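Asks: In the numbering used here, the protein residues as written are 47 to 243.
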């Protein structure tokens with residue numbers, strides 16, 4: 047299966063989830079738009095061959111606005127657990143589309159991953175299950191990255207700890223590695239690396 051077909055499957059898996067936010071743009075360019083399809087987003091089938099074989103339309107049922115997405119322009123996706131100012135520096139759970147190891151203007155994120163001050167565990171577990179499934183199904187196309195917040199807070203560290211514990215459970219391993227409170231993103235990455243081995 048070529049990378050366009052594999053990316054098509056990954057996108058469809060995310061769009062099937064009613065808790066997916068479609069993110070357009072990059073903060074480094076000054077603005078970001080978020081679409082909240084609530085399970086109504088659809089991806090067209092391939093319409094072209096050759097240079098435009100990856101072109102798809104992404105739309106929300108009942109809406110006229112849509113996106114043109116060229117899956118052929120991406121060379122990998124990164125499951126990114128990264129601090130978000132919107133969540134008080136607690137991590138956002140994202141899928142970023144990259145070209146030449148650089149982010150593009152398209153990403154998906156788990157919608158509202160927190161209920162007040164608590165991680166919504168079912169959403170986090172669904173995100174991590176999808177990560178592991180896509181990593182196993184599409185080796186070489188799927189990567190993982192965790193980044194620490196600029197300010198460490200107890201809530202932030204606790205979220206990384208909870209994500210690490212969930213990931214370890216999903217990897218069905220015994221004796222989780224120690225969690226370093228001074229390096230929560232590094233600890234989460236180490237859990238991912240260990241269950242990947």
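We put the beta carbon where it would ideally sit given N, CA and C, even for glycine.
Remember, predicted model here, so these are calculated numbers, not experimental data.
For residue 148, list the residues DSSP reports as bridge partners.
Replies: 145
Asks: Tell me the rounded alpha-carbon separation between residue 152 and residue 70.
Replies: 5 angstroms
Asks: Measure the alpha-carbon distance for residue 225 versus residue 215 and round it to whole angstroms.
Replies: Between the alpha carbons of residue 225 and residue 215 lies a distance of about 14 angstroms.
Asks: Counting only the same chain and skipping the five closest in sequence on each side, list residues whose C-beta sits under 6 angstroms from that of residue 80.
Replies: Counting only residues of its own chain and dropping the five nearest sequence neighbours on each side, residue 80 has a CB closer than 6 angstroms to the CB of 67, 69.
Asks: Residue 171 lies in the alpha helix (DSSP H); which residues open and close that run?
Replies: 167 to 183
Asks: Since residue 106 sits in a beta bridge, which residues does DSSP pair it with?
Replies: 87
Asks: Please return the same chain residues whose Cβ sits closer than 6 angstroms to the Cβ of residue 195, not counting the five positions on each side in sequence.
Replies: The answer, listed in chain order, is 129, 135, 202.
Asks: Apart from the five residues on each side of it in sequence, which residues of its chain come closer than 6 angstroms, Cβ to Cβ, to residue 140?
Replies: 126, 153, 155
Asks: Residue 212 and residue 158: beta carbons closer than 7 angstroms?
Replies: Their beta carbons are not under 7 angstroms apart, which means residue 212 does not touch residue 158 by this criterion.
Asks: Helix or strand or just coil, what does DSSP make of residue 154?
Replies: Of the three classes helix, strand and coil, the one that applies to residue 154 here is strand, per DSSP.
Asks: Taking C-beta to C-beta, are residue 143 and residue 120 nearer than 7 angstroms?
Replies: yes
Asks: Cα-Cα, which of 50, 241, 183, 78 is closest to residue 96?
Replies: 50
Asks: Tell me which residues share the same chain as residue 167 and place their Cβ nearer than 8 angstroms to its Cβ, disregarding the 5 neighbours each side in the sequence.
Replies: 208, 212
Asks: Checking the sheet assignment: what are the DSSP bridge partners for residue 68?
Replies: 81, 154
Asks: Could you give the distance in angstroms between the alpha-carbon of residue 101 and the alpha-carbon of residue 116?
Replies: 4 angstroms
Asks: How big is the Cα-Cα spacing for residue 193 and residue 174?
Replies: 16 angstroms
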